[in-house]
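Take a look at the structure set out below.
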Amino acid sequence: DAKTTQPDSMESTEGETVHLPCSHATISGNEYIYWYRQVPLQGPEYVTHGLQQNTTNSMAFLAIASDRKSSTLILTHVSLRDAAVYHCILRVGSGGSNYKLTFGKGTLLTVTP
Amino acid sequence: DAGVTQTPRHEVAEKGQTIILKCEPVSGHNDLFWYRQTKIQGLELLSYFRSKSLMEDGGAFKDRFKAEMLNSSFSTLKIQPTEPKDSAVYLCASSFSQNTLYFGAGTRLSVL
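Same order as they appear, the protein sequences are chains B and X.
Take the first sequence: its letters are residues 1 to 113, numbered as in my numbering.
Take the second sequence: its letters are residues 1001 to 1112, numbered as in my numbering.
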């Protein structure tokens, strides 16, 4: 019972800006939106997370809709190193069993030179 | 900045062998997790430590899998004896009080 919906794949060219969408229509008030990315045979890499406000860090900009039912991860000036599967997951901030993560298929981002 | 460090990156074992995987969490984190990741089962929790105390031990993995945390900066996962079905990527992650989880690069285990 996936709580987030993402496109299976997206393509981009080096130097472009990529918008990765995620739908989470049943998000609860205490759930954060987390983004991880993963390349084959490596562990998931934390990208960013947010609750309600847009957030930005060195890796990406996270735009969260005002009703919190969707979000978009924005990668600027993508490089070949950004090619990965991007996972959008919901997670309560702390406590409970919030460490029992379920990664869906995510979005496979392909970057071409 | 030192993230989560896992060694070795790759391990090949014969069926029945004992293998030990190692993990160094992010400095200052008080939570440490061991997971197993396969394409079929996805991410499965093996063990969870809070401040070196075992908080949760993945029920299905108790008999041959043993995780230990000898000090706040080092943990091991022992698999004894190994079986071919144990072939997977083993991930270590750490966090501070169950906030953002940071994962290591993983150990790819192949059991022949």
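From the three backbone atoms N, C-alpha and C, an ideal C-beta is built for every residue, glycine too.
Treat the numbers as computed from the prediction; the structure is a model and nothing was measured.
- Closest by C-alpha distance to L62 (chain B), out of B:V18, B:T13, B:L108 and B:E14, is B:V18.
- By the neighbour-count criterion, in which a residue is buried when 16 or more other Cβ atoms sit within 10 angstroms of its Cβ, T1082 (chain X) is buried.
- Among the CB atoms of chain X, none fall inside 8 Å of the CB of T5 (chain B).
- Out of X:A1002, X:S1095, X:H1010 and X:G1106, the CA that lies nearest to the CA of K1052 (chain X) is found in X:S1095.
- About 17 Å separates the beta carbon of T1038 (chain X) from that of G1104 (chain X), a gap too long to meet the 8 Å contact definition.
- Within its own chain, the residues whose Cβ lies closer than 8 Å to the Cβ of H1029 (chain X), once the five positions on either side in sequence are excluded, are S1094, S1095, F1096 and Y1102, listed in chain order.
- Going by DSSP, N1099 (chain X) is part of no beta strand (DSSP E) at all; its letter is neither H nor E.
- Under the DSSP assignment, S1047 (chain X) falls in the beta strand (DSSP E) whose first and last residues are G1042 to R1050.
- Not a single CB atom of chain B sits nearer than 8 Å to the CB of R1050 (chain X).
- For L62 (chain B), DSSP records a beta bridge to B:T55 and B:L73.
- In this model, I1019 (chain X) and E1011 (chain X) are separated by some 8 Å (Cα to Cα).
- The Cβ atoms of D82 (chain B) and L109 (chain B) lie closer than 8 Å to each other.
- Apart from sequence neighbours up to five positions away, the residues of its chain that approach N57 (chain B) with a beta-carbon distance below 7 Å are T48, ordered along the chain.
- Shown here for L20 (chain B): same chain residues with a beta carbon closer than 6 Å to its own, the five before and five after excluded, namely L73, Y86 and T107 in chain order.
- Under the Cβ distance rule, T1038 (chain X) does not count among the residues neighbouring chain B, no pair being separated by less than 8 Å.
- Short of 6 Å from the beta carbon of S1075 (chain X), and not among the five residues preceding or following it, lie these beta carbons of its own chain, in chain order: C1023, L1032 and M1069.
- At a C-beta separation below 7 Å, S1097 (chain X) has these neighbours in chain B: S94.
- By the Cβ neighbour-count rule, R37 (chain B) is buried, with 16 or more other Cβ atoms within 10 Å of its own.
- Look at the beta carbons and you see the segment 1053-1073 of chain X not touching the segment 6-17 of chain B: under three pairs across the two are nearer than 8 Å.
- About 7 Å separates the beta carbon of S1073 (chain X) from that of S1027 (chain X), a gap short enough to meet the 8 Å contact definition.
- Ranked by how close their Cα comes to the Cα of L80 (chain B), the residues B:P113, B:K69, B:I89 and B:S97 have B:P113 in first place.
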